[in-house]
Amino acid sequence: MKTLLLFLVGLASLLSFAQDGSLDTSFGDGGIVVTDIDNSFDLVLNAVEQADQKLVVSGITSPDSNNFYPYLIRYMPDGMVDTAFGSDGIVISSNGTGFYDYKYLFIDNQQHIIAAGPKAQSSIFVIAKYLDNGDLDNTFGNSGILTIPNGNYAAMTLLDDGSMMLLKFSGSDEITINHYLSNGDLDTNFGVNGAASSNFSGGIFMSGEFKIDGENNFYLVGTRDNNANADIILMKFQPNGYLDANFGNNGMVTKNIDALNPMNFSSASIDFTNDNKIVIAGSCGACVDLFEPVMQPYFIRYQNDGMPDPDFGNDGTVLLPVSGFSISQLFVQENQRMIVSGKLLDCFEGSIYVVSRYFEGGYIDNSFNGASLGFDHYKTIMQADGKIVSVGNTFWYDGMEDIVLLRHNNSTLLLPEFEDQKLTIYPNPSNGIFTIERELFSENNAYQITDITGKTIAIGELADKQSQINLSTTQSGIYFLRTSNSVFRLLKN
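Numbering (the working numbering), first residue to last: 21 to 513.
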């Protein structure tokens, strides 16, 4: 444990203090906070930001590996534990019996904390509502706790009015959304007696994120792993809770990624552009052997009717280079650059946390110097000021797990996009050596080259008024050069 902390702090001290992606040295110890609850086994599952920039973290704690309790911890904006919350900054729930956790975590419009999760080995779902000081809100549910039988929910989200939408698979081809009011009562005017059920085809899949767009439509993204491919599934629900029949195929679109064999792991995260397009990012692949992860990271972009966006990648899909990178979360910034976080897997018992930024076209933004650190990453959030907070745990083999928080510097509005200017490519066709000439040169311009399938062939930067790209080792054919604001066709003969 102490060895790990020294490693993290030492690495943080080498990073640029304010560069996007670097650790925010105003937070904790060089951008890092580690918390132990009474020498217990502590797992973190979620994090949210309050309006006053305080951070609330939820998870499970166990003093003896036999009894498990949900917890909340609140941190000040500088990473110090907020001792005014709960008991010295910590709330440990003892409501009910049996193993359950606070997997879902929200802040409502009155700055109350909504924490929820399932009970293990049962269909019971528990929602707790806390006041700002950490006390239970007695106006909610039964003295602050709502226990839902037959609540085997796969996803949950919070609406602006403090009410809650909960989604579950009510059959192999049926999905149901329940609406609960902000006081914990079931909204019997929603759907049929509080339940909106829709039929779909294809069978149950592993649910991912459940998000609301700017028009109060709901989207569920999920994955289904097959032997040699993965299905990335997207559903759109209307505000009334029923599938939108005008979206995709009766409310559902599926993208099959057939890249690797075997395919036994996939992930998907969703966000929206400022013109209401839908972006999904994730990874799919397998551990071929010990220390040999083979993952296919990807971006998919849909138009708001569920059709693939033809202006993005190859028919709406960008396949990033095959690697060990397992993407777990996506955020589209106001300037439309995309933040992804996740892990570099080792297929044994460890991983390296990674956060990266990509341009709107789906290629890497090399101006973002994301830290790669050794801890078990679980969740990332983006704060209102654009800074990035990730949470996870120290590794079990370093002792009982402790809670880890990191905060990165990041700009969402002030990063200039590369200016529009004339760009000339010659010779084209070519035997593989292409010269790229820009009319003006003000700053480096990142580029990505893909083949006709969308597979990334090369990435780099145009670092001068005149640059060369060498594709002499690639096969003859058509390739696409993508910059921040343009796409060009390259023909290699």
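Ideal placement from N, C-alpha and C gives every residue a C-beta, glycine not left out.
Values in this document were obtained by computation on a predicted structure and should not be read as measured data.
Problem set entry | Distance between Phe126 and Gly271 (C-alpha atoms, nearest Å) | The sequence position of residue 271 within the sequence shown is 251, counting from 1. The sequence position of residue 126 within the sequence shown is 106, counting from 1. Computed Cα separation, rounded: 27 Å.
Exercise. Distance, Cα to Cα, Met402 vs Ser376?
Worked result: As a position in the sequence shown, residue 402 is number 382, starting the count at 1. As a position in the sequence shown, residue 376 is number 356, starting the count at 1. In a straight line, the C-alpha of Met402 is about 13 Å away from that of Ser376.
Exercise. Which term fits Tyr89, buried or exposed, when burial requires 16 or more other beta carbons within 10 angstroms of its beta carbon?
Worked result: Taking the first residue of the sequence shown as 1, we reach residue 89 at position 69. By the neighbour-count rule (16 or more Cβ atoms within 10 Å), Tyr89 is buried.
For this session: State the beta-bridge partners of Gly191 as determined by DSSP.
Result: Along the sequence shown, one-based indexing puts residue 191 at 171. Looking at the DSSP assignment, Gly191 forms a beta bridge with Glu194.
Problem set entry | Residue span of the beta strand (DSSP E) that contains Asp128, given as start and end | The count along the sequence shown starts at 1 and reaches residue 128 at position 108. Where Asp128 is concerned, there is no enclosing beta strand (DSSP E), given that its DSSP letter is neither H nor E.
Problem set entry | Per-residue DSSP class, three states only, for Val342 | Numbered from its first residue, the sequence shown carries residue 342 at position 322. Note: Val342 maps to coil in three-state DSSP.
Problem set entry | Cβ neighbours of Gly214 in the same chain (closer than 7 Å, five flanking residues each side left out) | In the sequence shown, the residue the question calls residue 214 occupies position 194. Asn198, His199, Leu206, Asp207, Thr208, listed in sequence order.
Problem set entry | Start-end ranges of the beta strand (DSSP E) lying completely within the stretch 204–274, minimum 3 residues | 215–219, 226–232, 238–245, 250–257
Problem set entry | Alpha-carbon spacing of Phe438 relative to Met185, whole angstroms | Sequence index remark: in the sequence shown, residue 438 carries index 418 (1-based). Sequence index remark: in the sequence shown, residue 185 carries index 165 (1-based). Note that Phe438 scores a pLDDT of 41, beneath 50, so its modelled location is shaky and nothing firm can be said.
Exercise. Helix, strand or coil for Ala367 per DSSP?
Worked result: Reading the sequence shown from its first residue, position 347 is the one you call residue 367. The sequence given here places Cys at residue 367; Ala does not occur at that position. Coil.
For this session: Taking Asp40 as the reference, give the member of Ser289, Tyr378, Leu339 with the closest Cα.
Result: On the sequence shown, position 20 is the one that residue 40 refers to. Of the candidates Ser289, Tyr378, Leu339, the one whose C-alpha sits nearest the C-alpha of Asp40 is Tyr378.
For this session: Please name the residue or residues paired with Tyr318 in a DSSP beta bridge.
Result: The residue labelled residue 318 in the question sits at position 298 within the sequence shown. According to DSSP, which records beta bridges pairwise, Tyr318 is partnered with Gly302, Leu339.
For this session: Assuming Gly171 and Ile144 form a contact by the criterion Cβ under 8 Å, report the distance between their Cβ atoms to the nearest whole angstrom.
Result: Taking the first residue of the sequence shown as position 1, residue 171 is located at position 151. Taking the first residue of the sequence shown as position 1, residue 144 is located at position 124. With a Cβ gap of about 6 Å, Gly171 and Ile144 count as contacting.
For this session: Can you give me the start and stop residues for the beta strand (DSSP E) that Val508 sits inside?
Result: Here residue 508 corresponds to residue number 488 of the sequence shown, with the count starting at 1. According to the sequence displayed, residue 508 carries Phe and not Val. Phe508 -> beta strand (DSSP E) spans 507–512.
Problem set entry | Residue interval of the beta strand (DSSP E) (run including Phe500) | Counting from one through the sequence shown, the residue named residue 500 turns up at place 480. Counting along the chain, the beta strand (DSSP E) containing Phe500 begins and ends at 497–502.
Exercise. Looking only at its own chain, which residues have a Cβ that is under 6 Å from the Cβ of Asp335, when we skip the five neighbours before and after it?
Worked result: The residue given as residue 335 occupies position 315 in the sequence shown. Here the set comprises Pro328.
Problem set entry | Three CB pairs or more closer than 8 Å across the stretch 314–333 and the stretch 287–301 | yes
Exercise. When DSSP labels each residue in this structure, what does Thr293 get in the three-state scheme?
Worked result: By one-based count along the sequence shown, residue 293 stands at place 273. Three-state result, Thr293: coil.
Problem set entry | Residues near Pro83 by beta carbon distance below 7 Å, same chain, minus five either side | Walking along the sequence shown from the start, residue 83 turns up at place 63. So the qualifying residues of the chain are Asp58, Ser60.
Exercise. Mind checking Val212: buried by the 16 CB within 10 Å criterion, or exposed?
Worked result: Position 192 of the sequence shown, counted from the start, is the residue given in the question as residue 212. That one is exposed.
For this session: Starting from Leu151, trace the beta strand (DSSP E) both ways and give me its first and last residue.
Result: What you label residue 151 is simply residue 131 of the sequence shown in a count that begins at 1. Element bounds for Leu151: n/a, residue is neither H nor E.
Exercise. Ordered along the chain, which non-local residues of its own chain (more than five positions away) have a Cβ less than 7 Å from that of Ala404?
Worked result: For the purposes of this step, residue 404 is taken as residue 384 along the sequence shown, with counting starting at 1. Taken in chain order, the residues that qualify are Glu69.
For this session: Could you name the residues that DSSP lists as bridge partners for Ser11?
Result: Only positions 21 to 513 of the chain appear in the structure, and residue 11 is not among them; the question remains open.
For this session: Given a cut-off of 7 Å, decide if Val111 and Asp422 are closer than it, judged by their beta-carbon atoms.
Result: As a working note, residue 422 is residue 402 in the sequence shown. As a working note, residue 111 is residue 91 in the sequence shown. For Asp422 and Val111, no; Cβs fall outside 7 Å.
Exercise. Excluding sequence positions up to five away, which residues of its chain have a Cβ less than 7 Å from the Cβ of Leu151?
Worked result: By one-based count along the sequence shown, residue 151 stands at place 131. Counting only Cβ-Cβ distances below 7 Å, and skipping sequence neighbours, we find His132, Asp157.
Problem set entry | Alpha-carbon spacing of Leu75 relative to Thr81, whole angstroms | By one-based count along the sequence shown, residue 75 stands at place 55. By one-based count along the sequence shown, residue 81 stands at place 61. Roughly 18 Å separates the two Cα atoms.
For this session: Kindly indicate which residue of Tyr95, Phe210, Ser343 has the alpha-carbon position closest to the one of Ser78.
Result: In the sequence shown, residue 78 corresponds to position 58, counting from 1. That would be Tyr95, whose Cα lies nearest to the Cα of Ser78.
For this session: Can you tell me which of Ile224, Asp121, Asp128 puts its alpha carbon nearest to the alpha carbon of Ser142?
Result: For this step, residue 142 is matched to residue 122 along the sequence shown. Looking at the Cα atoms, Asp121 is the closest of the given residues.
Exercise. Does the stretch 464–475 come close enough to the stretch 424–431 that 3 or more CB-CB pairs lie under 8 Å?
Worked result: no
Exercise. Between which two residues does the beta strand (DSSP E) harbouring Phe454 extend?
Worked result: Taking the sequence shown and counting its residues from 1, the one referred to as residue 454 is at position 434. That run of the beta strand (DSSP E) goes 453–458.
Exercise. Going by Cα to Cα distance, which pick from Gly370, Ser192, Ile93, Ile359 is closest to Phe225?
Worked result: Residue numbering aside, residue 225 sits at position 205 when the sequence shown is read from its first letter. Here the closest residue by C-alpha is Ser192.
Problem set entry | Arg377 - partner residues in DSSP beta bridges | On the sequence shown, position 357 is the one that residue 377 refers to. Beta-bridge pairing links Arg377 to Ile359.
Problem set entry | For Asn386 and Asp440, the rounded distance between their alpha carbons | Residue mapping note: residue 440 aligns to position 420 of the sequence shown, counting from 1. Residue mapping note: residue 386 aligns to position 366 of the sequence shown, counting from 1. Residue confidence is low: Asp440 scores 42 on pLDDT, short of 50, so the model does not pin down where it sits. Its coordinate-derived value is still stated next. So the two alpha carbons sit approximately 19 Å from each other.
Problem set entry | Separation of Gly362 from Ala67, as counted between CA atoms | One-based indexing of the sequence shown puts residue 67 at position 47. One-based indexing of the sequence shown puts residue 362 at position 342. If you take the alpha carbons of Ala67 and Gly362, they lie about 15 Å apart.
Exercise. Between Tyr318 and Ala301, what straight-line distance do the alpha-carbon atoms span, to the nearest angstrom?
Worked result: As a first step, residue 318 is located in the sequence shown; it is residue number 298 there, counting from the start. As a first step, residue 301 is located in the sequence shown; it is residue number 281 there, counting from the start. Their Cα atoms are separated by approximately 6 Å.
Problem set entry | CA nearest to the CA of Ala175, picked from Asp108, Arg502, Glu229, Val360 | The sequence position of residue 175 within the sequence shown is 155, counting from 1. Per the Cα distances, Glu229.
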